[in-house]
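Every letter in the sequence shown is one number past the one before it in the numbering used here, and letter 84, counting from 1, is 86. All residues carry an ideal CB built from backbone N, CA and C; glycine is no exception. Keep in mind that this is a model prediction, so the values were computed, not measured. Below is one structure, written out as structure tokens; comments come after it.
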Amino acid sequence: MRTELVSEPGDPARPNEDFASVGLPVSGQGGVLVVLDGVTPPRGETGCLHSVPWFTARLGGALTELTVSLPDVPLADALSAALTRTAEAHTQTCDLSHPRTPQATVVLARWSAETVEYLILCDSALLLESPDGTVTAYLDDRLARLPRASLATDALIDAHIRNKEGGFFTAAADPSVAARAVTGVLPRGEVQAMAALTDGATRWVEKFREGDWGDCFTFLRKEGARALVDRVRMLERADAQERTCLGRSKTHDDATVVYVEG
Numbered sequence: 003m004r005t006e007l008v009s010e011p012g013d014p015a016r017p018n019e020d021f022a023s024v025g026l027p028v029s030g031q032g033g034v035l036v037v038l039d040g041v042t043p044p045r046g047e048t049g050c051l052h053s054v055p056w057f058t059a060r061l062g063g064a065l066t067e068l069t070v071s072l073p074d075v076p077l078a079d080a081l082s083a084a085l086t087r088t089a090e091a092h093t094q095t096c097d098l099s100h101p102r103t104p105q106a107t108v109v110l111a112r113w114s115a116e117t118v119e120y121l122i123l124c125d126s127a128l129l130l131e132s133p134d135g136t137v138t139a140y141l142d143d144r145l146a147r148l149p150r151a152s153l154a155t156d157a158l159i160d161a162h163i164r165n166k167e168g169g170f171f172t173a174a175a176d177p178s179v180a181a182r183a184v185t186g187v188l189p190r191g192e193v194q195a196m197a198a199l200t201d202g203a204t205r206w207v208e209k210f211r212e213g214d215w216g217d218c219f220t221f222l223r224k225e226g227a228r229a230l231v232d233r234v235r236m237l238e239r240a241d242a243q244e245r246t247c248l249g250r251s252k253t254h255d256d257a258t259v260v261y262v263e264g
């Protein structure tokens, strides 16, 4: 089995808020991938003593353990249990009801000899390739479908959009959010390779329009995860020069890519 994992901070001076892991049980039967994209809060109070990297490490570690050790537990139930465990680790010291308590997007995939299960929460992506080469993107597009006016300010998002009915959902402290995730199960024979990307890497498709999801997957399989992240960084640097000329600030993001084949 071929596996690749690359995760790079958007700013070398700041901690990477993403988390990624691939778990391959010693039995040799199946495996799991876990990708989290920590949500960078705006400046100000979050109600929590802990950083976003602390949260993603805790949640990602719990998800890796639970999805590997409990293969018969549905992924949504594993996410719910991992959120409960993570919340219990700091509920005595932090206000977990605060809308900016540490949180993350989630991609999970677990495969066995019979099935491939998946779960996506918020704006990271899971790409699955079938034996005939068709690539399907599994997305939670609720954030992308919201009117831009509803995202005009952080206060508006916190009050009406984030983890609210009619808005979008992230993994924070409430385990019931697991039921909001996009989930499904496919026959194992329908999937020959897969990739999970945080939105810092999906920029290849969604921001810079280098190609569609199939093109992105082909690039990733041929050139590798490192090359995909490097290409995004090159495009960001070119975009930053244009933004500077137009008087706007440049933007980078943590970028994580996990690829599994075989």
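Residue i, buried or exposed, once every other Cβ within 10 Å from all chains shown has been counted against 16
i: Asp-142; result: buried
i: Gln-94; result: exposed
i: Glu-238; result: buried
i: Leu-72; result: exposed
i: Val-28; result: exposed
i: Leu-158; result: exposed
i: Asp-256; result: buried
i: Glu-167; result: exposed
i: Pro-44; result: exposed
i: Val-187; result: exposed
i: Asn-18; result: buried
i: Ser-99; result: exposed
i: Gly-135; result: exposed
i: Asp-74; result: exposed
i: Arg-228; result: exposed
i: Ala-89; result: buried
i: Arg-182; result: buried
6 Å CB neighbourhood of residue i in its chain, flanking five on each side removed
i: Val-260; result: Leu-7, Ala-22, Leu-35, Val-37, Ala-198
i: Leu-130; result: Thr-138, Val-193, Met-196
i: Thr-5; result: Val-24, Val-262
i: Glu-47; result: none
i: Ser-152; result: Ile-163
i: Asp-156; result: Pro-44
i: Glu-10; result: Val-231, Ala-257
i: Gly-216; result: Val-137
i: Val-218; result: It should be pointed out that residue 218 corresponds to Cys in this sequence rather than to Val. Closer than 6 Å at the Cβ level, and outside the excluded window around Cys-218, lie Trp-206, Val-207.
Proximity of residue i and residue j at Cβ, strictly below 8 Å
i: Ala-154; j: Leu-81; result: no
i: Ser-114; j: Gln-243; result: no
i: Val-41; j: Ile-122; result: no
i: Leu-68; j: Ala-83; result: yes
i: Tyr-120; j: Ala-106; result: no
i: Pro-177; j: Leu-77; result: no
i: Met-3; j: Gly-213; result: no
i: Asp-241; j: Asp-39; result: no
i: Ser-223; j: Trp-206; result: Position check: residue 223 holds Arg in this sequence, whereas Ser was assumed. Against a cut-off of 8 Å, the Cβ pair of Trp-206 and Arg-223 comes out as no contact.
Sequence-distant residues of the same chain with beta carbon closer than 8 Å to residue i, five excluded per side
i: Leu-51; result: His-92, Thr-95, Cys-96
i: Asp-13; result: His-254
i: Thr-103; result: Thr-48, Gly-49, Cys-50, Cys-96, Asp-97, Ala-174, Ala-175
i: Thr-117; result: Val-187, Leu-188, Pro-189, Arg-190
For residue j and residue i, believed in contact at Cβ under 8 Å, the rounded distance
i: Leu-148; j: Asp-125; result: In fact, because the Cβ distance is near 11 Å, the residues do not count as touching under 8 Å.
i: Arg-87; j: Ala-59; result: In fact, because the Cβ distance is near 13 Å, the residues do not count as touching under 8 Å.
Contacting residues, own chain, Cβ-Cβ under 7 Å from residue i (five flanking each side not counted)
i: Thr-204; result: Ala-127
i: Pro-133; result: Gln-194
i: Gly-226; result: Glu-6
Complete alpha helix (DSSP H) runs within the segment 142 to 207 (minimum length 4 residues, chain order): 144 to 147
Complete runs of the alpha helix (DSSP H) confined to the segment 201 to 243 [at least 4 residues]: 201 to 208, 215 to 225
Inside the segment 77 to 121 only - beta strand (DSSP E) runs reaching at least 3 residues: 106 to 113
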